[in-house]
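Take a look at the structure set out below.
2 protein chains.
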Amino acid sequence: MNNSEKKKVTIYSVANEAGVSLATVSRVINDSGLVKQETKEKVEAAIVKLGYRPNAVAQGLALKKTTTIALVVPDSSFLYIGKIINGLLDVAKIYKYNITLHTTSSSINEMSEIIDNIVKSRADGVIIYNESLSKSEGEVLNSFQVPMVYIGHKTTNVSSCNVYVDYSQALYELVGEYLDKGIDDIILVEDRKNPDTINQIISGISRAYEERGKTFDGYVEIPEQYHNSYEFLNKYFSKHKHEVVISMRDSQAVAVLNTCKENGIRVPEDTDVISVLDSRINDMVRPRISSFVIPSYDLGALAMRVMTKMLNGETVKERDYKLNYIYERKASTKN
Amino acid sequence: MNNSEKKKVTIYSVANEAGVSLATVSRVINDSGLVKQETKEKVEAAIVKLGYRPNAVAQGLALKKTTTIALVVPDSSFLYIGKIINGLLDVAKIYKYNITLHTTSSSINEMSEIIDNIVKSRADGVIIYNESLSKSEGEVLNSFQVPMVYIGHKTTNVSSCNVYVDYSQALYELVGEYLDKGIDDIILVEDRKNPDTINQIISGISRAYEERGKTFDGYVEIPEQYHNSYEFLNKYFSKHKHEVVISMRDSQAVAVLNTCKENGIRVPEDTDVISVLDSRINDMVRPRISSFVIPSYDLGALAMRVMTKMLNGETVKERDYKLNYIYERKASTKN
DNA sequence: CAGTAAAATGTAAGCATTTTCAATAATGCT
DNA sequence: AGCATTATTGAAAATGCTTACATTTTACTG
Numbered sequence: 016m017n018n019s020e021k022k023k024v025t026i027y028s029v030a031n032e033a034g035v036s037l038a039t040v041s042r043v044i045n046d047s048g049l050v051k052q053e054t055k056e057k058v059e060a061a062i063v064k065l066g067y068r069p070n071a072v073a074q075g076l077a078l079k080k081t082t083t084i085a086l087v088v089p090d091s092s093f094l095y096i097g098k099i100i101n102g103l104l105d106v107a108k109i110y111k112y113n114i115t116l117h118t119t120s121s122s123i124n125e126m127s128e129i130i131d132n133i134v135k136s137r138a139d140g141v142i143i144y145n146e147s148l149s150k151s152e153g154e155v156l157n158s159f160q161v162p163m164v165y166i167g168h169k170t171t172n173v174s175s176c177n178v179y180v181d182y183s184q185a186l187y188e189l190v191g192e193y194l195d196k197g198i199d200d201i202i203l204v205e206d207r208k209n210p211d212t213i214n215q216i217i218s219g220i221s222r223a224y225e226e227r228g229k230t231f232d233g234y235v236e237i238p239e240q241y242h243n244s245y246e247f248l249n250k251y252f253s254k255h256k257h258e259v260v261i262s263m264r265d266s267q268a269v270a271v272l273n274t275c276k277e278n279g280i281r282v283p284e285d286t287d288v289i290s291v292l293d294s295r296i297n298d299m300v301r302p303r304i305s306s307f308v309i310p311s312y313d314l315g316a317l318a319m320r321v322m323t324k325m326l327n328g329e330t331v332k333e334r335d336y337k338l339n340y341i342y343e344r345k346a347s348t349k350n
Numbered sequence: 016m017n018n019s020e021k022k023k024v025t026i027y028s029v030a031n032e033a034g035v036s037l038a039t040v041s042r043v044i045n046d047s048g049l050v051k052q053e054t055k056e057k058v059e060a061a062i063v064k065l066g067y068r069p070n071a072v073a074q075g076l077a078l079k080k081t082t083t084i085a086l087v088v089p090d091s092s093f094l095y096i097g098k099i100i101n102g103l104l105d106v107a108k109i110y111k112y113n114i115t116l117h118t119t120s121s122s123i124n125e126m127s128e129i130i131d132n133i134v135k136s137r138a139d140g141v142i143i144y145n146e147s148l149s150k151s152e153g154e155v156l157n158s159f160q161v162p163m164v165y166i167g168h169k170t171t172n173v174s175s176c177n178v179y180v181d182y183s184q185a186l187y188e189l190v191g192e193y194l195d196k197g198i199d200d201i202i203l204v205e206d207r208k209n210p211d212t213i214n215q216i217i218s219g220i221s222r223a224y225e226e227r228g229k230t231f232d233g234y235v236e237i238p239e240q241y242h243n244s245y246e247f248l249n250k251y252f253s254k255h256k257h258e259v260v261i262s263m264r265d266s267q268a269v270a271v272l273n274t275c276k277e278n279g280i281r282v283p284e285d286t287d288v289i290s291v292l293d294s295r296i297n298d299m300v301r302p303r304i305s306s307f308v309i310p311s312y313d314l315g316a317l318a319m320r321v322m323t324k325m326l327n328g329e330t331v332k333e334r335d336y337k338l339n340y341i342y343e344r345k346a347s348t349k350n
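Chains as they are written, first to last, in the numbering used here: chain A, 16 to 350; chain B, 16 to 350.
Right under this line is the structure:
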């Protein structure tokens with residue numbers, strides 16, 4: 016009726032109210048200086064009086080940029096993804112960027128469909144978390160003429176940056192310590208299929224072995240057919256026993272621990288268990304697991320920071336940003 | 016140099032290439048019928064040839080809608096939030112909506128700042144997850160002239176919908192069973208401060224007691240000063256022992272279990288432990304905890320579905336959408 | 001106080017679409 | 001063939017902003 020006719024307030028309304036031209040209003044909105052203090056105040060008064068808020072869509076059209084960046088993740092329901100998102104959002108906020116979220120999880124969507132959607136939306140940049148991009152997906156992404164940063168995945172895309180964790184060095188140092196103590200019956204339990212990732216993980220371990228004239232052959236791959244690692248590990252530990260078991264997955268850490276226990280393998284008396292593990296989960300587990308803590312929040316924050324640099328045209332000297340694990344010794348290892 | 020001059024392709028380019036007017040191109044893009052099959056094919060050919068993708072920003076301006084909805088969550092690094100997001104994204108995808116993510120977590124942002132940002136962005140709607148909205152935040156939100164749906168929080172905002180879980184009924188039934196077996200030494204452990212939420216949680220329990228002529232007085236509030244519930248619970252269970260301990264927080268479930276154990280209280284022999292718990296976490300715990308599983312994914316999916324209805328002008332008959340817990344009996348309860 | 005440089009403001013042309021309305025082409029009917 | 005419809009198409013206005021360029025004010029200078 017009468018109170019409903021919420022008159023849409025545009026830059027014109029404000030200009031009118033303040034008795035100036037819309038150009039002037041635009042100038043005060045964008046704080047471009049060169050407007051007299053007096054008129055500026057008039058305009059600001061009009062803005063609050065009318066409750067005017069610039070239409071970001073129109074701005075986007077006029078400026079050819081949306082101050083929006085697209086984030087692509089495989090699935091939001093992993094703790095580390097959540098933390099990455101937190102980091103990302105916090106720095107996005109600082110630089111006044113909005114984030115749109117896109118998943119590759121549901122089978123409905125090929126990466127190309129998502130990218131298609133993102134280019135339609137004219138996001139200024141895209142940040143991708145993906146452990147295993149297929150060749151063809153990689154090519155689609157390469158052809159996408161927009162600043163990109165990859166989290167957790169090194170790529171060969173020249174126009175993009177990579178922010179990731181240095182698995183290799185962490186494992187190199189840890190395994191080195193064991194070897195120096197004469198402990199070399201170490202296995203790595205993994206369910207990842209992507210060769211790049213696997214190689215990166217194994218390379219550090221192998222290097223530690225090789226420098227000591229030994230060879231690492233403890234890679235235990237969890238076969239695809241097992242619908243979860245629990246089942247496989249239970250079977251495995253009923254037959255095998257090792258001095259050290261390493262896993263690089265949140266989801267496997269506790270499985271290793273429990274299946275060892277269930278097969279009479281004492282942790283850490285018989286076997287040291289080490290994993291990548293979120294500390295919130297670790298707090299729930301007894302014994303707590305000695306673990307590599309991934310700086311997920313920092314990954315997200317850094318990725319976003321790098322993105323802002325790319326968008327500001329600040330020269331991004333380095334394409335690769337390595338972050339290190341923190342290793343936290345807990346009760347699942349003897350020392 | 017030469018390959019860089021990536022000519023920007025607009026609807027004009029396409030019109031030109033196809034030898035038609037831009038109006039016609041627009042018509043085929045939007046599949047508005049009324050264009051001859053023959054020309055339609057010409058246009059489509061031009062589109063693929065040029066690799067044209069409609070500019071969603073310009074569309075947004077012309078159509079006065081962005082097909083974007085804003086999601087506000089307190090913190091993305093909780094499992095259930097991740098699942099809510101998954102559900103939301105999946106149905107958003109079906110209805111071709113984009114999602115922008117906003118956090119209230121970092122101290123930097125008042126809700127009003129976030130809302131301000133959202134209205135600038137001209138999102139078509141906003142979905143808010145928040146366990147405890149302050150009165151003033153509620154008012155800011157009420158004044159926001161945009162379709163809203165709240166997840167997990169009943170509000171009095173007339174122009175919005177609520178999608179939430181019915182804590183009350185679940186607890187009513189569970190506690191009723193215990194009482195009928197003569198077990199009435201039941202406590203509820205909680206760290207939430209929002210009275211609405213607490214009242215909702217307690218009301219079901221109380222009702223069960225009252226219907227049997229008893230009174231529930233087992234509400235154990237975790238004081239604010241404890242930086243985590245572990246510490247508090249450890250102290251508590253060193254002095255108290257109950258027949259049944261219920262918690263309604265993922266984060267407390269395992270803490271209850273472990274602190275009981277550490278204080279010589281056997282679960283379930285001495286005490287039944289029941290909680291709200293994500294099944295992925297439950298799989299890591301021994302004994303597994305009998306728990307209410309929150310349909311987080313469904314909460315997100317339903318919220319988004321309701322939002323699409325509001326945006327399509329479909330009449331939304333109900334303002335409240337209740338979802339039920341599933342109660343899963345595991346090893347932490349005697350039966 | 002005229003003259004000029006600098007500061008402030010306004011005008012109007014984009015930005016890439018959609019859509020109303022008018023114009024044209026195609027079809028059917030007699 | 002001629003006319004009335006109807007199906008296609010195009011022209012142009014509208015969407016809400018930025019900004020280059022033009023114009024008007026203001027402030028200085030001698």
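Think of the CB as a built atom: it goes at the ideal place given N, C-alpha and C, for glycine as much as any other residue.
Please read these numbers as outputs of a predicted model, since none were measured by experiment.
Going by C-alpha to C-alpha distance, which of A:Asp105, A:Thr82, A:Lys80 and A:Thr83 sits closest to Ser92 of chain B?
A:Asp105
What does Thr118 of chain A reach in chain B if we use C-beta pairs closer than 9 Å?
Ile100, Asn101, Leu104, Asp105 and Lys108
For the beta strand (DSSP E) containing Thr118 of chain B, list its first residue and its last residue.
Asn113 to Thr118
Who are the neighbours of Asp139 of chain A on chain B, taking C-beta pairs under 7 Å?
Here the premise fails: no neighbours, minimum Cβ distance about 11 Å.
What's the call for Val141 of chain B, buried or exposed, on a 16-neighbour Cβ count within 10 Å?
buried
Within 10 angstroms of the Cβ of Glu205 of chain B, are there 16 or more other Cβ atoms? Answer buried if so, exposed if not.
buried
Length of the line joining the Cα atoms of Ser262 of chain B and Ile217 of chain B:
11 Å
Any beta-carbon of chain B closer than 8 Å to the one on Met418 of chain A?
Only positions 16 to 350 of chain A appear in this structure, which leaves residue 418 of chain A out of reach.
Measuring straight from C-alpha to C-alpha, what distance separates Pro238 of chain B and Leu314 of chain A?
33 Å
As assigned by DSSP and simplified to three states, the class of Leu148 of chain B
coil
How many Å lie between Tyr67 of chain B and Cys176 of chain B at the Cα?
38 Å
With a cut-off of 8 Å, does the C-beta of Met299 of chain A fall near any C-beta of chain B?
yes
Identify, in the order they occur along the chain, each residue of the same chain with its Cβ nearer than 7 Å to the Cβ of Arg222 of chain B, setting aside the five sequence neighbours on each side.
Tyr187
Going by beta carbon distance, what residues of the same chain come within less than 7 Å of Lys111 of chain A, once the five residues before and after it are set aside?
Thr82
Name the chain A residues whose beta carbon is nearer than 7 Å to that of Ala71 of chain B?
Lys135, Ser136 and Arg137
Taking a Cβ distance cut-off of 7 Å, strictly less, list which residues of the region 261-290 of chain A are near chain B, in chain order.
Val269 and Asn273
Taking just the CA atoms, how far does Gly48 of chain B sit from Val343 of chain B?
Reading off the sequence shown, one finds Glu at residue 343 of chain B, where the question assumed Val. Computed Cα separation, rounded: 52 Å.
Go through the region 132-212 of chain B residue by residue and report every complete run of the alpha helix (DSSP H) that reaches 4 residues or more, in order.
150-157 and 182-195
Would you tell me roughly how many angstroms separate the C-alpha atoms of Thr286 of chain A and Tyr182 of chain A, rounded to the nearest one?
22 Å
Using CA coordinates, which residue listed in B:Leu326, B:Val40, B:Glu53 and B:Ala185 is at the minimum distance from Phe307 of chain B?
B:Ala185
Neighbour flag for Gly75 of chain B against chain A, beta carbons, 8 Å
yes
If we define contact as Cβ-Cβ less than 8 Å, is Arg68 of chain B a contact residue for chain A?
yes
So, is Thr230 of chain B buried or exposed, given that buried needs 16 or more other C-beta atoms within 10 angstroms?
exposed
Interface flag, Asn17 of chain B vs chain A, CB-CB below 8 Å:
Here Asn17 of chain B scores only 35 on pLDDT, less than 50, and its place in the model is too uncertain to base an answer on.
Beta-carbon neighbours of Thr81 of chain B, restricted to chain A and to distances below 7 Å
Val72
Can you check which of these residues, A:Tyr340, A:Tyr336 and A:Ala346, is closest to Thr170 of chain A by C-alpha distance?
A:Tyr336
Suppose contacts are defined by Cβ-Cβ distances below 8 Å. Is Gly233 of chain A in contact with Ile201 of chain A by that definition?
yes
Chain-ordered chain A contacts of Ile114 of chain B [CB-CB under 7 Å]
Thr115 and Leu116
Measuring alpha carbon to alpha carbon, tell me which residue in B:Asn297, B:Asp199, B:Asn113 and B:Lys345 is nearest Ala138 of chain B.
B:Asn113
Between the Cα of Val155 of chain B and the Cα atoms of B:Gly167, B:Ile166 and B:Ile133, which residue gives the shortest distance?
B:Ile133
So, with DSSP's three-state summary, where would you put Ser290 of chain A?
strand
Within 8 Å (strictly less), CB to CB, does Asp195 of chain B reach chain A?
no
Give the DSSP-derived three-state secondary structure of Glu20 of chain B in the structure shown.
The predicted position of Glu20 of chain B is uncertain, since its pLDDT is 47 and thus under 50; no value can be drawn from it.
Where does Ala318 of chain B sit, in a helix, a strand or coil, going by DSSP?
helix
Among the candidates A:Val271, A:Val282, A:Leu78 and A:Ala316, whose CA atom is the shortest distance from the CA of Lys349 of chain A?
A:Val282
Please list the partners that Asp90 of chain B has in chain A, where partner means a Cβ-to-Cβ separation under 8 Å.
Gly97 and Asn101
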